[in-house]
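Read through the structure below, which is laid out as structure tokens, and then see the notes.
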Ligand code: ADP
């Protein structure tokens, strides 16, 4: 958080009255709601969450064992805020924006000591600033005054802070600067540096939200093909343990066509986050060949941090996302998992002895979730440009029961729902996105994009696939009662076509070099190939060929190899020809 500058603590020190886990009360503290305070002799970071007369309640973002009544509490007089500037890409932060690698070097361990601080961005590093304005230019809040190559992938736009007035440029720097040195000066005396601070609970200003019309292309067939997410849209991935939430989120982080990825590991089981922290820095970015971290910021609530820090993870992450949105980028934010954040709210709320709502969650759970997702969107920016934040939240409903409050409240807000299914995962059908329960409310508004960028009959052929899968669902119920052989021949054939849809198209192996990513053209062509089989097969059936003979043709099993085919265009050309020839040869 904003330890970038030495915060001048105001002199009215308070005194700890009680300590209850992450919740501490203090007396005689002159503070406002949401002020950041330093608690106890060790100066643990906390935030004011309630004030009643002389008694201030604080949630502490660090472990409080050993902290006792009588120790001092200092108010910074500042709200919880993040340091924004070049250097955030390729960083791994904890929930209060302390860079884990810097601290690790400082302390020689990944487990942070309490009260240890480091600024969110490197204050000493010099960056090569290339100006984009000259003396005499008029600039307004949000305008870009210059660019810094933040990583090999990302150009960091240096902007007039949103809370500046703006004016005429008087002097412009060019060359190497630290984030705190002035690079542009305005006639009203305002000095622009590469460093901004922003209170995390306050959305950064932007113009109107627009209706998103472009998909966030994920490279996953079931997501792009059936349940697309818009750039600027919201999605939830609920799923029981082991159903593939983490793999799905990581596939999005790796393959989606976002410019910037902010990945929040919000108190998911400690070792899972360690995996992400260890894996991500090794991964190449498939789009550029550069390291994936060059366009990624990881925020990890390490397992030794108390629950309260989960909340700051979420707010820190979304604020960083907004800052890159303000540069005109398409940002994708993943939060894994929002359930752990909700549990943190429940714990704090119960320690405050608030009136509990459903299943002990606080009554404001719905409001907090919607405030978070509300910060997603495709925005007109204050500088006249456009930028977007897509938010994908994983939800971990206990026992996979989607009727619990966090899943239900999330469902009311998000517009894409990727329901992971334990049964599918058990059958090794991955991604285990259940096609009956999942949905996307963006489908209609995104169809024109797919139709003009991929194929003019995108929506028609998707609808065909949806209809076949629906019919399969209904037929399966009958099959369970009377067996497959009792079905009429055309329905038996429909079941075979549906099987290809599931096995050849919906299933996609994240661990296979080729299949892990499927470009929209390939997603489309694979579906067309299955439809070709369908159409030719039904012609053959009508001509009197029995269904067993139809499904027995040599070419049919090759449908299942389309996903892993490297030269997929040739593969599918040939396959379609063979399907047609072999089926026509039957009559
Ligand atoms: P969760 O986070 O829900 O507990 P994971 O994401 O860790 O579950 O997934 C559990 C396992 O399922 C993975 O280790 C992997 O073997 C398998 N899996 C999940 N998704 C896929 C996928 N798309 N392709 C291949 N295997 C997958």
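In full-length UniProt numbering, the protein residues as written are 1 to 587.
Glycine residues also receive a C-beta, built at the ideal position from the N, C-alpha and C atoms.
Could you work out which residue in 295, 360, 151, 136 is closest to residue 145 when comparing CA atoms only?
Residue mapping note: residue 145 aligns to position 145 of the chain shown, counting from 1. Among 295, 360, 151, 136, the Cα nearest to that of residue 145 is on 136.
With a 10 Å radius around its C-beta and 16 neighbouring C-beta atoms as the bar for buried, classify residue 478 as buried or exposed.
Counting from one through the chain shown, the residue named residue 478 turns up at place 478. Result: exposed.
Runs of alpha helix (DSSP H) wholly within the region 183–268 (minimum 4 residues, chain order)
245–255
Answer with yes or no whether the minimum CB distance from residue 76 to chain C is below 9 Å.
Checking the listed chains, one finds no chain C in this structure; it contains a single protein chain.
Tell me the rounded alpha-carbon separation between residue 523 and residue 505.
Position 523 of the chain shown, counted from the start, is the residue given in the question as residue 523. Position 505 of the chain shown, counted from the start, is the residue given in the question as residue 505. Approximately 8 Å, taken between the alpha carbons.
For residue 309 and residue 299, I'd like the C-alpha separation in whole angstroms.
To locate residue 309, count along the chain shown from 1; it is residue 309. To locate residue 299, count along the chain shown from 1; it is residue 299. Using only the alpha carbons, I get a separation of about 11 Å.
Contact defined as beta carbons within less than 8 Å: I believe residue 345 pairs with residue 311. What is the distance between those atoms, to the nearest angstrom?
Position 345 of the chain shown holds residue 345. Position 311 of the chain shown holds residue 311. Contact flag correct, Cβ pair sits at about 7 Å.
Could you round the C-beta distance between residue 120 and residue 83 to whole angstroms and report it? I think they count as a contact, below 8 Å.
For the purposes of this step, residue 120 is identified with residue 120 of the chain shown, where counting begins at 1. For the purposes of this step, residue 83 is identified with residue 83 of the chain shown, where counting begins at 1. Contact flag correct, Cβ pair sits at about 4 Å.
Let me check understanding here. Comparing Cα to Cα, which of 123, 151, 165, 253 lies closest to residue 143?
In the chain shown, counting from the first residue as 1, residue 143 sits at position 143. With distances taken between Cα atoms, residue 143 lies closest to 165.
Is residue 280 a contact residue of ligand 1, with contact defined as CB to any heavy atom under 8 Å?
For the purposes of this step, residue 280 is taken as the residue at position 280 of the chain shown. False, no ligand heavy atom lies under 8 Å from that Cβ.
Taking one C-beta from the region 219–231 and one from the region 489–496 each time, how about it: are there three or more such pairs within less than 8 Å?
no
Own chain, CB closer than 8 Å to residue 16, minus 5 neighbours either side, in chain order
Along the chain shown, one-based indexing puts residue 16 at 16. Excluding residues within five positions, the ones whose Cβ falls inside 8 Å are 24, 25, 26, 39, 40, 67, 68, 69, 70, 71, 72, 73.
In angstroms, rounded to a whole number, what distance separates the CA positions of residue 459 and residue 501?
Locating residue 459 in the chain shown gives position 459, where the first residue counts as 1. Locating residue 501 in the chain shown gives position 501, where the first residue counts as 1. So the two alpha carbons sit approximately 16 Å from each other.
Which whole-angstrom value describes the C-beta separation of residue 204 and residue 324, a residue pair presumed to lie in contact below a C-beta threshold of 8 Å?
Numbered from 1 along the chain shown, position 204 holds the residue referred to as residue 204. Numbered from 1 along the chain shown, position 324 holds the residue referred to as residue 324. Actually they do not touch by this definition, with Cβ atoms about 10 Å apart.
Grouping DSSP H, G and I as helix and E and B as strand, with all else coil, what is residue 565?
To locate residue 565, count along the chain shown from 1; it is residue 565. In this structure, residue 565 counts as coil in the three-state DSSP scheme.
Mark residue 546 as exposed unless 16 or more other C-beta atoms lie within 10 angstroms of its C-beta, in which case mark it buried.
Counting from 1 along the chain shown, the entry for residue 546 is found at position 546. By the 10 Å Cβ count, residue 546 comes out exposed.
With respect to 8 Å, is the separation between the Cβ of residue 244 and the closest non-hydrogen atom of ligand 1 below this value?
By 1-based counting over the chain shown, the position of residue 244 is 244. Yes, ligand 1 has a heavy atom inside 8 Å of this Cβ.
Sheet register partners of residue 127 (DSSP bridge):
Taking the chain shown and counting its residues from 1, one reaches residue 127 at position 127. In the DSSP output, where bridge partners are listed per residue, residue 127 has 177.
By Cβ distance below 6 Å, which residues in the same chain neighbour residue 588 in space, the five residues on each side in sequence not counted?
For residue 588 there is no data in the structure shown, the boundaries of the chain being 1 and 587.
Can you check which of these residues, 307, 287, 295, 426, is closest to residue 321 by C-alpha distance?
For this step, residue 321 is matched to residue 321 along the chain shown. Ranking the options by Cα distance to residue 321, first place goes to 295.
Is it buried or exposed, residue 293, if we count other Cβ atoms within 10 angstroms and call 16 or more buried?
By one-based count along the chain shown, residue 293 stands at place 293. Answer is buried; the Cβ neighbour count reaches 16.
Look up residue 517 in the DSSP assignment and say whether it is helix, strand or coil.
If you number the chain shown from 1, residue 517 lands on position 517. It is coil, neither helix nor strand.
Measuring alpha carbon to alpha carbon, tell me which residue in 495, 55, 375, 528 is nearest residue 472.
Locating residue 472 in the chain shown gives position 472, counting from the first residue. The option with the nearest alpha carbon to residue 472 is 495.
Indicate the three-state DSSP secondary structure (helix, strand or coil) for residue 484 in the structure shown.
Within the chain shown, numbered from 1, the residue matching residue 484 stands at position 484. Helix, per DSSP.
Figure out for me which residue from 19, 585, 122 has the closest Cα to the Cα of residue 99.
Counted from its first residue, the chain shown places residue 99 at position 99. Of 19, 585, 122, the residue nearest in Cα terms is 122.
What does the alpha-carbon distance come out to for the pair residue 590 and residue 557?
Residue 590 lies beyond the residue range present for the chain, which begins at 1 and ends at 587; the question has no answer from this structure.
Measure from the alpha carbon of residue 52 to the alpha carbon of each residue in 62, 42, 30, then state which is nearest.
By 1-based counting over the chain shown, the position of residue 52 is 52. Checking every option, the nearest Cα to that of residue 52 belongs to 30.
Can you have a look at residue 111 and say buried or exposed, based on whether 16 or more other CB atoms are within 10 angstroms of its CB?
Taking the first residue of the chain shown as 1, we reach residue 111 at position 111. At residue 111 the pLDDT is 48, less than 50, meaning the model places this residue with poor confidence; the figure from the coordinates comes in the next sentence. Exposed: under 16 other Cβ atoms inside 10 Å.
Element boundaries [alpha helix (DSSP H), containing residue 324]:
Translated into positions along the chain shown, residue 324 becomes position 324. That run of the alpha helix (DSSP H) goes 308–326.
Considering just the uninterrupted stretch of the alpha helix (DSSP H) at residue 332, what are its terminal residues?
The residue you call residue 332 lines up with position 332 of the chain shown. Counting along the chain, residue 332 falls outside any alpha helix (DSSP H), though it belongs to the beta strand (DSSP E) covering 330–336.
What is the DSSP secondary structure of residue 430, counted as helix, strand or coil?
To locate residue 430, count along the chain shown from 1; it is residue 430. Note: residue 430 maps to coil in three-state DSSP.
Indicate whether residue 415 and residue 234 have their beta-carbon atoms separated by less than 9 Å.
Walking along the chain shown from the start, residue 415 turns up at place 415. Walking along the chain shown from the start, residue 234 turns up at place 234. Cβ atoms of residue 415 and residue 234: closer than 9 Å.
Could you check where the beta strand (DSSP E) with residue 552 kicks off and where it finishes?
Start at 1 with the first residue of the chain shown, and residue 552 comes out as number 552. Taken as a continuous stretch (DSSP letters only), residue 552 belongs to no beta strand (DSSP E), as it is neither H nor E.
Does the separation of the CB atoms of residue 469 and residue 435 fall below 9 Å?
Within the chain shown, the letter at position 469 stands for residue 469. Within the chain shown, the letter at position 435 stands for residue 435. Yes.
What's the call for residue 62, buried or exposed, on a 16-neighbour Cβ count within 10 Å?
For the purposes of this step, residue 62 is taken as the residue at position 62 of the chain shown. When all chains shown are included, residue 62 counts as buried.
Closest by C-alpha distance to residue 611, when choosing among 520, 497, 521:
What is shown of the chain runs 1 to 587, which leaves residue 611 out entirely.
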